[in-house]
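When you read off a place in the sequence shown, starting at 1, and then add 11, the result is the number in this note's numbering. A virtual CB, placed ideally from N, CA and C, is assigned to each residue, including glycine. Worksheet for the structure shown next.
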Amino acid sequence: MASDTPSGSATVSAAPTIALDHGFTPAAFAPGRYATAIQRTMHGTHDLQVLDEDSTSSFVLELAAGGAATACRGWRYVFRNDGPDIHTEDNYREQQGYRGHYTVVDGVAEAVLDLDSSVCPHVFEGGLVLARASRLTLRCVVAMPSRNGQLTDPVLLCRPHGDKSSELDPYVVEQIISGGWFALGSGNGLRMWLTGRPTGAQEGDDVQAKLRVADAPLTASAWERSF
């Protein structure tokens, strides 16, 4: 199949031939604005320790019809570890903008994004410096959700290509789709809520995920407070 390069007022391509789980079906690529915001309210125990996570993350990706791409990711993270002798708390706040381009080949969009704080201001607050990539490369496909699921509108499923980028971990929700993909909603975007035991807990409820289309367009600042 010939390569499809974004041009003109719309990008037309055939649906990619790619296996997706959780009932998602690949669809023809369409440029546009895709976004998600995820709230994690997690609780569990490890021996005598009580572990609590309160975090909010958001990712907004705009893929213009001409091939330009911009993105803004944000992350707010509070993790408490309380026990008889150990009491710790981790706090992080982070925002980063990106700018680049994308091409479409056989229905799969590959976006190459470099750091650009003019897209959204860079923010970092935290106790430790976290390893972050200067460039993100994403491979994305438009997909239709299962008719029996919580969604009816198309989503953009993306996952990193090449070196693993830990800054994208907050957007991966295995209960929605596995394989390292993360879901961005079309239109207003998606809101997701996760509950259950956090990473590192031995005891606690299984992780549950709920999601719905956002009531209003998600902004780049959606990560700044819990919802």
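When the beta-carbon positions are compared, GLY111 and VAL130 stay at least 8 Å from each other. Contact check between the region 42-51 and the region 218-234: three or more CB pairs, one atom from each, fall below 8 Å, which counts as touching. DSSP places CYS131 in no beta strand (DSSP E); its state is neither H nor E.
Around GLU178, the same chain offers ARG143 as residues with beta carbons nearer than 6 Å, after the five sequence neighbours per side are excluded.
In the DSSP annotation of this structure, the continuous segment of the beta strand (DSSP E) that includes ASP63 starts and ends at 60-74. Proximity to VAL166 across LYS175, LEU141, VAL152 peaks at VAL152, based on C-alpha coordinates. Contact check between the region 53-69 and the region 116-134: fewer than three CB pairs, one atom from each, fall below 8 Å, which does not count as touching.
In the structure shown, TRP192 falls within a coil segment according to DSSP collapsed to helix, strand and coil.
DSSP places GLU121 in the strand class (E or B) of the three-state scheme. With contacts defined by Cβ atoms closer than 8 Å, SER157 and GLY34 form a contacting pair. In the displayed model, GLU235 falls within a helix according to three-state DSSP.
In the structure shown, the three-state DSSP call for PRO37 is strand.
Three or more beta-carbon pairs drawn from the region 198-210 and the region 182-189 are found closer than 8 Å, and the two stretches are therefore classed as touching. Distance from LEU124 to ALA80 at the Cβ level is roughly 6 Å; contact confirmed, criterion being Cβ atoms closer than 8 Å. When the beta-carbon positions are compared, PRO27 and GLY118 come within less than 8 Å of each other. When the Cα atoms are used, TYR88 and THR36 turn out to be separated by approximately 32 Å. Taking 8 Å as the cut-off, the Cβ atoms of ALA220 and LEU201 do not count as close. Rounded to the nearest whole angstrom, the CA to CA distance from ASP216 to THR52 is 12 Å. Here PRO171 is bridged, per DSSP, to LEU149. Counting every other CB atom within 10 Å of its CB across the protein chains shown gives ILE97 a total below 16, marking it as exposed. Excluding five sequence positions before and after ALA82, the CB atoms of its chain that fall closer than 6 Å to its own CB belong to LEU72, TYR109, LEU124, given in chain order. Pairing ALA25 with LEU74 gives a Cβ-Cβ distance that is not under 8 Å.
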